[in-house]
Amino acid sequence: MVKLFTHTDLDGVGCAILAKLAFGNEVDIEYCDYDNINENVMNYLNSNDDSLSYIYITDIRVNEDVAKLLDERGDVVLLDHHPTALELNKYPWCKVRVEELNGIKTSGTRMFYHWLCINGCLNEELENNEALRRFTELVRDYDTWRWSELGEEGIICKQVNDLLYLYGRDKFITWCISQIHDNVFPRLYASDKLILSIKQKEIDDYVEQKNEQIIFTELCGRECGYVFAEKYVSELGNRLCKLHPEIDFIVMIDMGNKTVSYRAVKEDIDLGKDVAQLFGGGGHPKAAGSEFSENVQFKVFEKIFG
Ligand SMILES: [Mn+2]
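Below, the structure is given as structure tokens:
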């Protein structure tokens, strides 16, 4: 058996798709986020399920305590591309790379694809499958935001990501796998295009609404704007940054989920290191996140009603 712990976003789901293609029914997949990855891996290691499975952890990192346990256990590979995970490279089973050999930013799906190819885990048909290669590139281009620099050609990356949330994870995975097997990925049908256009209208309206609510301030010595938002944070963040070139980054606070997302489009800032890490989070130079406690929610309540 193979056990896969992977991130919940398109890049993480891309890894799940690769695992299903490579290992079929022999893989058990657990989708994790930054707030539960360590707990989930620990629970697995302490459970009876942890027999002789090979463990893959993709597009997400574990903390030092869990890394030590995995190091003792063996039969594990961690593939991640977030700069905040680079310190894990001290373990030989952790491969953290930010860029591909050609200098463009890589992603979890892309790294896992290379790993599976090099280690002979994909059959010949899949190894030569053009649609599968395209799939990994498209997921990477979305995840690293490279798609926004590709013009018209990049839009399909965003559309595929939208379809993940429109169809739901399971249906989306089935859709991708069948298109990869038929060597047609990514093919959009009229019905896909219709729901995508309805969705896009909703996102555009949301961005417009949030743009009117933006509050400008200073944070970590830089100019920023903040909004309270809980949806479409990647697209919202990117578009608000572009609408307001005077700010260095945008902060999106999700009160309900107790999370903060940071986004920038400028080159001279590392949001993961310079901002999110100061608040217990992490991430990429242009996209990062952190969390806050329940106490903050109570304080806000008190301020409003106190
Ligand atoms: Mn990723």
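Taking my numbering, the leading residue of the sequence shown gets 70, the next gets one more, and so forth.
Idealized CB from N, CA, C, for every residue including glycine.
Residue of the options minimising C-alpha distance to residue i
i: V276; options: N307, C293, R291, K262; result: N307
i: D134; options: P354, N197, F361, Y160; result: Y160
i: E299; options: V369, Y331, H150; result: Y331
i: L79; options: G172, Y234, F361, L147; result: Y234
i: G294; options: Y301, E141, I283, F370; result: I283
i: N109; options: S303, K372, T75; result: T75
i: L157; options: G143, V145, N115, A136; result: A136
i: G341; options: K279, C289, S266; result: C289
i: H313; options: I187, S176, E281; result: E281
i: I272; options: W244, E304, I246; result: E304
i: G350; options: M111, A154, L87, C245; result: A154
i: M324; options: P354, Q346, K355, N364; result: N364
i: T286; options: D317, S260, W244, Y301; result: D317
i: L105; options: N117, Q366, R130, I246; result: The residue you asked about is not Leu; residue 105 is Asn in the sequence shown. When each option's Cα is compared against that of N105, the closest is R130.
i: R142; options: V165, M111, G172, N171; result: M111
i: S260; options: I242, L232, T243, D274; result: L232
Cβ shell of residue i (< 7 Å), same chain only, five flanking positions each side left out
i: K174; result: V167, E168, T213, R215
i: N198; result: I249, N252
i: G223; result: D210, W216, S217
i: A200; result: Q248, I249, N252, V253, F254
i: R238; result: V82
i: L87; result: T178, F181, Y182, L185
i: C245; result: I86, F204, F254
i: A357; result: Y331, L340, G341, V344, A345, G350, G351
i: R202; result: none
i: K268; result: D231, L235
Residue i and residue j closer than 7 Å at C-beta
i: D128; j: C163; result: no
i: Y125; j: L73; result: yes
i: E99; j: V71; result: no
i: N230; j: Y258; result: no
i: V344; j: C310; result: no
i: K279; j: V296; result: yes
i: D140; j: Y123; result: no
i: K90; j: L195; result: Here residue 90 turns out to be Leu, not Lys, going by the sequence shown. Going by C-beta atoms, L90 is nearer than 7 Å to L195.
i: H151; j: S176; result: no
i: D339; j: P354; result: yes
Residues bridged to residue i (per DSSP)
i: H76; result: C101
i: K174; result: E168
i: D323; result: T328
i: S359; result: V329
i: L148; result: T127, K164
i: C293; result: T286, F318
i: A96; result: This sequence places Val at residue 96; Ala is not what is there. Answer by DSSP bridge pairing, in chain order: V71.
i: G351; result: G358
Beta-carbon contacts of residue i that lie in its chain and below 8 Å, excluding the five residues immediately before and after
i: F92; result: V71, C190
i: N132; result: N107
i: E206; result: R179
i: S120; result: M70
i: S362; result: K327
i: V369; result: M324
Cβ shell of residue i (< 6 Å), same chain only, five flanking positions each side left out
i: T77; result: Y100, D102
i: P255; result: I225, V229
i: E360; result: K327, T328
i: D97; result: K72
i: F348; result: S359
i: L147; result: I126, C163
i: E221; result: none
i: E315; result: none
i: E292; result: I316, D317
Ligand 3 heavy atom lying under 6 Å from the CB of residue i
i: G177; result: Ligand 3 is not part of the structure shown, which contains ligand 1 as its ligands.
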